[in-house]
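Participant: Residue numbers (my numbering): 983 to 1298. Virtual Cβ for every residue (Gly too), placed ideally from N, Cα, C.
(1) Is residue 1225 near residue 1250, with beta carbons less than 9 Å apart?
(2) Pair every Cβ in the stretch 1188 to 1199 with every Cβ in the stretch 1096 to 1114, then say whether three or more of these pairs are closer than 8 Å.
(3) Whose C-beta lies closer than 7 Å to the C-beta of residue 1091 among residues of the same chain, with five residues either side of it excluded?
(4) Is DSSP giving residue 1097 helix, strand or coil here?
(5) With a CB to CB cut of under 7 Å and the five nearest residues on each side skipped, what residues in its chain are close to residue 1119?
(6) Check residue 1157 in the structure and name its three-state DSSP category.
(7) Could you tell me which of 1209, 1008, 1097, 1074 sits nearest to residue 1271, measuring between CA atoms?
(8) Taking the alpha helix (DSSP H) that residue 1281 falls in, what are its first and last residues?
(9) If you reduce the DSSP assignment to three classes, tell me which class residue 1252 lands in.
(10) Cβ of residue 1089 within 9 Å of Cβ of residue 1216?
(11) What number of angstroms, rounded off, separates the C-alpha of residue 1213 from the C-alpha of residue 1178?
(12) Of the choices 1022, 1174, 1229, 1292, whose alpha-carbon is the least far from that of residue 1154?
(13) What whole-angstrom Cβ distance do residue 1229 and residue 1087 have, given they're in contact under 8 Å?
(14) Sort 1182, 992, 1159, 1074 by Cα distance to residue 1115 and report the nearest one.
(15) How many angstroms separate the CA atom of residue 1020 from the CA atom of residue 1294?
(16) Tell me where the alpha helix (DSSP H) around residue 1201 begins and ends.
(17) DSSP three-state label for residue 1102, please.
(18) Whose C-alpha, out of 992, 1197, 1164, is nearest the C-alpha of residue 1273?
(19) Between 1203, 1173, 1261, which lies nearest to residue 1277 when the distance is taken from Cα to Cα?
(20) Would you please state the rounded distance, in angstroms, between the beta carbons of residue 1049 and residue 1245? I believe it to be under 8 Å.
(21) Using the three-state DSSP reduction, which class does residue 1016 fall into: helix, strand or coil?
(22) So, with DSSP's three-state summary, where would you put residue 994?
(23) So, helix, strand or coil for residue 1008, using DSSP?
(24) Specify, as a first and last residue, the run of the alpha helix (DSSP H) that residue 1056 falls within.
(25) Could you please give the first and the last residue of the uninterrupted alpha helix (DSSP H) stretch that includes residue 1089?
(26) From residue 1028 to residue 1193, what does the alpha carbon distance come to, in whole angstroms?
(27) Tell me whether residue 1107 sits in a helix, a strand or coil according to DSSP, three-state version.
(28) Could you check which residue in 1004, 1137, 1280 has the C-alpha nearest to that of residue 1218?
(29) Grab me the residues of residue 1002's own chain with a C-beta within less than 7 Å of its C-beta, minus the 5 sequence neighbours each way, in chain order.
(30) Just how far apart, CA to CA, sit residue 1261 and residue 1005?
(31) For residue 1083 and residue 1133, which I take to be in contact (beta-carbon distance under 8 Å), what is that distance rounded to the nearest angstrom?
(32) Going by C-alpha to C-alpha distance, which of 1297, 1175, 1265, 1252 sits closest to residue 1231?
And the structure:
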């Protein structure tokens, strides 16, 4: 058990060093206000799609991939239950009405790419990528539909879901890269070696740039603003206790592979999505509250993930 804990700590330490680099460089003035947006766009629209294509083509067969999509139902069911449960928790701990939608959105959505992908890669390797993407599909769909609708209600009052906007966000470049990789594998297409090399080099930017982005985000939010208030405790319980526990109850009795179970449970316990403060600011909700919760959950994930890994390895 101690070796499992050390392995998890080592995996988190790999990620933490890169986060600290981003944090320190931002504190020293290396980045401006536009830098996080530019880094985010490079990761999500350029490097991550390339990473998806090369990983799927290199490590997976058509037979393996066809069994993935039916298991999408587990994160979907989990998020629906968490969505309903979030209002019960909000009522019990007395979340103020102006935070209710944002609280619920942060309660059931997790950071599956900027934190989830690097953590799973560090702990499980490339074999975890398709499972990460399956969870990502469900999480992204829920955030850009129900999650954004809830945040709108806090801010502008009259909320609506735009199908066209939601589709654009769901079918994002990372997911399209995943789909392209699947198509190429099924069609048994082999890209020229120089193209695969280019995609591999560009895809290699994904993890370090994601972690530098998180470091900048933590620096901008400010560690001094972290407060363990009632609003904070509700989100922390949702992200680090209720979400992984519920996912474990759903997947442990299933016939899916142990690795997929582990990835799903870990993805469920990821911090608050980094998009939450951006969307909150757009719709005049409390973006400061969202930014603080991104910071708190990201920092505390460093402690939670090794403990969760020991539990996962012990019982799965």
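Facilitator: Based on what the coordinates show:
(1) Yes, Cβ-Cβ distance for residue 1225 and residue 1250 is below 9 Å.
(2) Yes: at least three Cβ pairs fall under 8 Å.
(3) 1121, 1124, 1125, 1129, 1255, listed in sequence order.
(4) Coil at residue 1097, not helix or strand.
(5) Cβ within range, chain order: 1054, 1157.
(6) The answer is helix: DSSP assigns residue 1157 an H, G or I state.
(7) With distances taken between Cα atoms, residue 1271 lies closest to 1209.
(8) Counting along the chain, the alpha helix (DSSP H) containing residue 1281 begins and ends at 1269 to 1297.
(9) Residue state, collapsed to three classes: coil.
(10) Yes.
(11) Between residue 1213 and residue 1178, the C-alpha separation is close to 47 Å.
(12) Restricting attention to 1022, 1174, 1229, 1292, the CA atom closest to the CA of residue 1154 is found in 1022.
(13) 18 Å between Cβ atoms; not a contact.
(14) Across the set 1182, 992, 1159, 1074, the C-alpha of 1159 shows the shortest separation from the C-alpha of residue 1115.
(15) Using only the alpha carbons, I get a separation of about 36 Å.
(16) Boundaries of the alpha helix (DSSP H) harbouring residue 1201: 1188 to 1203, taken from the DSSP string.
(17) In this structure, residue 1102 counts as helix in the three-state DSSP scheme.
(18) Cα-wise, what sits closest to residue 1273 is 1197.
(19) Taking the Cα of residue 1277 as reference, the smallest distance to any Cα among 1203, 1173, 1261 is reached at 1203.
(20) Wrong, their Cβ atoms sit about 14 Å apart, outside the cutoff.
(21) Note: residue 1016 maps to coil in three-state DSSP.
(22) Helix, per DSSP.
(23) Three-state result, residue 1008: helix.
(24) Segment 1055 to 1075, the alpha helix (DSSP H) holding residue 1056.
(25) Residue 1089 -> alpha helix (DSSP H) spans 1082 to 1090.
(26) Roughly 16 Å separates the two Cα atoms.
(27) Three-state DSSP puts residue 1107 in coil, outside helix and strand.
(28) Minimum Cα distance to residue 1218 is reached at 1280.
(29) Leaving aside the five residues that flank residue 1002 on each side, the residues in its chain whose CB is nearer than 7 Å to its CB run, in chain order, 1197.
(30) C-alpha of residue 1261 to C-alpha of residue 1005: approximately 23 Å in a straight line.
(31) Yes, residue 1083 and residue 1133 are in contact; Cβ-Cβ is about 6 Å, under 8 Å.
(32) If we check each option's Cα against that of residue 1231, 1297 comes out closest.
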